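Participant: Sharing a structure with you now.
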Amino acid sequence: MISLFLLSCSLLFESKEYGITVNYTVINTLNEQVLVKDNNFSRGFIPVFISANDTFSFSQKYTWTMERDRSDVNTLAPKNKATYHFEVFRAGINNDFSVLDTFCLLGPDYPDDSLPDLSIEQDVQFYDTLIIQGE
Amino acid sequence: MKLNIYKFIFLFSIFTVSVYAELIEDYDSLRTNILKGTLSIGYKLPAGRKKELRDSDLSLNYSIYNLNAGLIYQINPYIQIGGVFDFHSGSGTNTQIARNQYEMKTDGKSLGIGGGLGVNAFLFQRTFFSVSFENQFKVIHFIEQLKATTEQNISLWDYTYSNIGLSLTSQLNLNFAISKRQTVSAITFYDHSTFFYNDNQLSSHHDLTASFETPYYNTEGSLKNSHSGFGIGVKYSVWFMRRNKKVDSQEETKNEIPKTPDGAKKSSNRKAVKIEGSM
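So this is what it looks like as structure tokens:
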């Protein structure tokens, strides 16, 4: 009984947590307020209002757990993008933010030259910027 | 290292079962019941319920009513295991400050149905009062309607999604027997559900499939609900089967005095023999 319990305890230390942090900056160059929403609710981005000619920044940490000593763990493929898919609504004349203005894709810039040796076990930082501008 | 809650509960369950296996070794469990059906109605208070979004937690505190039915196999007087079927429903409105910017009002409605495995371990048991630790692992089908607006009535979200997920409910029950078949329970619970959510809206705009093919982390994310707090439940139980009282019947046979065919008691033919010896 005790050996079974101890064996089960060892499971606690078999896995390891990995993570990256993606830093996003959204710049509103318009002369009116905008509402920025992620159209994928499950990603959990709370909608944000950005004033005219203002900037909003946020960062997201993506973590995952997998078994220790996996050989390919140190390689982060370019396709593994932490991509946001934003809808931007202008305030409009009625100030009701009802008109979709742009549909934007925001993903991190990867340091391609470092990909082969990229250690995702460490907290690697990625950056991307979305500029909201008029026609 | 961050302790995984699921592993902790798993280990705690193993530990509990192991300890009870020792405790019941000498217990005459063969004389107890085997199979029972249960039907319970519960109410969970509107607190501690939230949706765990990646960017923030969204409070969805509203009352939950649930109807739970089970077919329970009694392994021994302390451990019960069986199939459970659950239905729950709730709705309510919450207000919170989002991003320190604006007041967000959320109207939520949820409906869930699921089935799975339940394990109930009794930590303390008397005739009219018992304490039990209950775990339920369920596959659930969950429908939630979520509308969020600002105080100026600007629409932020308007989602209705239906999904299938996994749910783990751990609860500590203080059970008070009010009749032979009915108990009222005060419940302290923790419930965590993970739903595998696919947002089909994405495909209508861009083909992002390549961006989301990832074996290590999922940018799509999955919806996670958690709910902890207190509740109350009323349970009705019916035993279907009982084990034979093997030990009692054996003892009765052993103690029975043989009778002669005419009904008179037969006296023993044994005689005491005094053994004497010399050293």
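These protein sequences, in sequence, are chains A and B. Quick note: the first sequence uses this note's numbering, first residue 30, plus one each step. Quick note: the second sequence uses this note's numbering, first residue 375, plus one each step. C-beta: ideal position from N, C-alpha, C; glycine also. This structure is a prediction, so every number in the text was calculated from the model and none was measured.
1) Inspect the beta-carbon positions of Ser506 of chain B and Asn440 of chain B and report whether they are closer than 7 angstroms.
2) Cutting at 8 angstroms between CB atoms, please list the residues of its own chain near Tyr610 of chain B, excluding the five before and the five after it.
3) Listing by chain order, which chain A residues have their CB less than 7 angstroms from the CB of Gln519 of chain B?
4) Give the DSSP-derived three-state secondary structure of Phe382 of chain B in the structure shown.
5) Let's see if you can read the secondary structure: which residues bound the beta strand (DSSP E) around Thr524 of chain B?
6) For the beta strand (DSSP E) that Leu427 of chain B lies in, which residues bound it at each end?
7) Just to confirm, is the Cβ distance from Thr467 of chain B to Asp481 of chain B under 7 angstroms?
8) When burial is assigned at 16 or more other CB atoms within 10 Å of the CB, is Ile606 of chain B buried or exposed?
9) Inspect the CB distances between the segment 519-538 of chain B and the segment 556-567 of chain B and report whether three or more fall short of 8 angstroms.
10) For Ile528 of chain B, would you say it is in contact with chain A, using Cβ-to-Cβ distances shorter than 7 angstroms as the test?
11) I'd like to know if the segment 470-478 of chain B and the segment 445-460 of chain B are in contact, where contact means that at least 3 CB-CB pairs between them fall below 8 angstroms.
12) Just to confirm, is the Cβ distance from Val493 of chain B to Asn509 of chain B under 7 angstroms?
13) Under the rule that 16 or more other beta-carbon atoms within 10 Å means buried, what is Gly416 of chain B, buried or exposed?
14) Under DSSP, the beta strand (DSSP E) around Asp125 of chain A begins and ends at which residues?
15) What residues are listed by DSSP as bridge partners for Gly603 of chain B?
16) Is the Cβ-Cβ distance between Phe74 of chain A and Val55 of chain A less than 7 angstroms?
17) Taking only beta carbons into account, state which residues of the segment 424-441 of chain B come closer than 7 angstroms to chain A, listed in chain order.
18) Check for me: the beta strand (DSSP E) holding Gly456 of chain B runs from which residue to which?
19) Around the Cβ of Asp157 of chain A, are there at least 16 other Cβ atoms within 10 angstroms (buried) or fewer (exposed)?
20) Which of the residues in the segment 457-474 of chain B, read from start to end, lie with their CB under 9 angstroms from any CB of chain A?
21) Would the beta-carbon of Ala551 of chain B fall within 7 angstroms of that of Phe614 of chain B?
22) Tell me, which residues are paired with Phe498 of chain B by DSSP?
23) Counting beta carbon pairs with one atom in the segment 428-436 of chain B and one in the segment 444-452 of chain B, are three or more of them shorter than 8 angstroms?
24) Under a three-way DSSP split, which group does Phe115 of chain A fall into?
25) Count the other CB atoms within 10 Å of the CB of Ser127 of chain A; is the residue buried (16 or more) or exposed (fewer)?
26) Run through chain A and tell me which residues come within less than 9 angstroms of Asn531 of chain B, C-beta to C-beta.
27) Spatial neighbours of Gly539 of chain B within its chain, please: C-beta separation below 7 angstroms, excluding the five flanking residues on both sides.
28) Can you tell me whether Asn643 of chain B is helix, strand or coil according to DSSP?
29) Counting only beta-carbon separations shorter than 7 angstroms, does Gly121 of chain A have a partner in chain B?
30) For Asn82 of chain A and Thr534 of chain B, I'd like the C-alpha separation in whole angstroms.
31) With a threshold of 7 angstroms between beta carbons, is Gly73 of chain A in contact with chain B?
32) According to the neighbour-count rule (16 or more other Cβ atoms, all chains shown, within 10 Å of its Cβ), is Val65 of chain A buried or exposed?
33) Measure the C-alpha to C-alpha separation of Lys424 of chain B and Gly444 of chain B and round it to an integer number of angstroms.
34) Spell out whether any CB of chain B is found under 7 angstroms from the CB atom of Phe115 of chain A.
35) Looking at C-alpha atoms only, which residue of A:Asn68, A:Tyr113, A:Ile49 and A:Phe132 is the closest neighbour of Lys90 of chain A?
Facilitator: With the structure as the only source:
1) One thing to note: Ser506 of chain B has its Cβ no nearer than 7 angstroms to the Cβ of Asn440 of chain B.
2) Excluding residues up to 5 positions away in sequence, Thr412, Leu413, Ser414, Arg555 and Gln556 lie with their Cβ nearer than 8 angstroms to the Cβ of Tyr610 of chain B in the same chain.
3) Those within 7 angstroms of Gln519 of chain B in chain A number zero; the least Cβ separation is about 12 angstroms.
4) helix
5) Phe503 to Thr524
6) Unbroken run through Leu427 of chain B: none, as it is neither H nor E.
7) yes
8) exposed
9) No contact exists between the segment 519-538 of chain B and the segment 556-567 of chain B.
10) yes
11) no
12) yes
13) So Gly416 of chain B ends up on the buried side.
14) That residue, Asp125 of chain A, is in no beta strand (DSSP E); it is neither H nor E in DSSP.
15) B:Phe563
16) No, these two residues do not count as a Cβ contact at 7 angstroms.
17) Leu427, Arg428, Asp429 and Ser430: these are the residues of the segment 424-441 of chain B whose beta carbon lies less than 7 angstroms from some beta carbon of chain A, given in chain order.
18) Ile453 to Ala472
19) buried
20) Ala472 and Arg473
21) Taking 7 angstroms as the Cβ cut-off, Ala551 of chain B and Phe614 of chain B do not qualify as a contacting pair.
22) B:Val505
23) no
24) strand
25) Exposed, since its Cβ has fewer than 16 Cβ neighbours within 10 Å.
26) Residue 531 of chain B is actually Trp in this sequence, not Asn. Contact note: Trp531 of chain B reaches chain A through Lys66, Phe70 and Pro76, using a C-beta cutoff of 9 angstroms and chain order.
27) Ile514, Phe516, Ser567, Thr568, Phe569 and Phe570
28) Any reading at Asn643 of chain B is ruled out, since the residue's pLDDT is 47, under 50, leaving its predicted position unreliable.
29) no
30) 34 angstroms
31) yes
32) buried
33) 27 angstroms
34) no
35) A:Ile49
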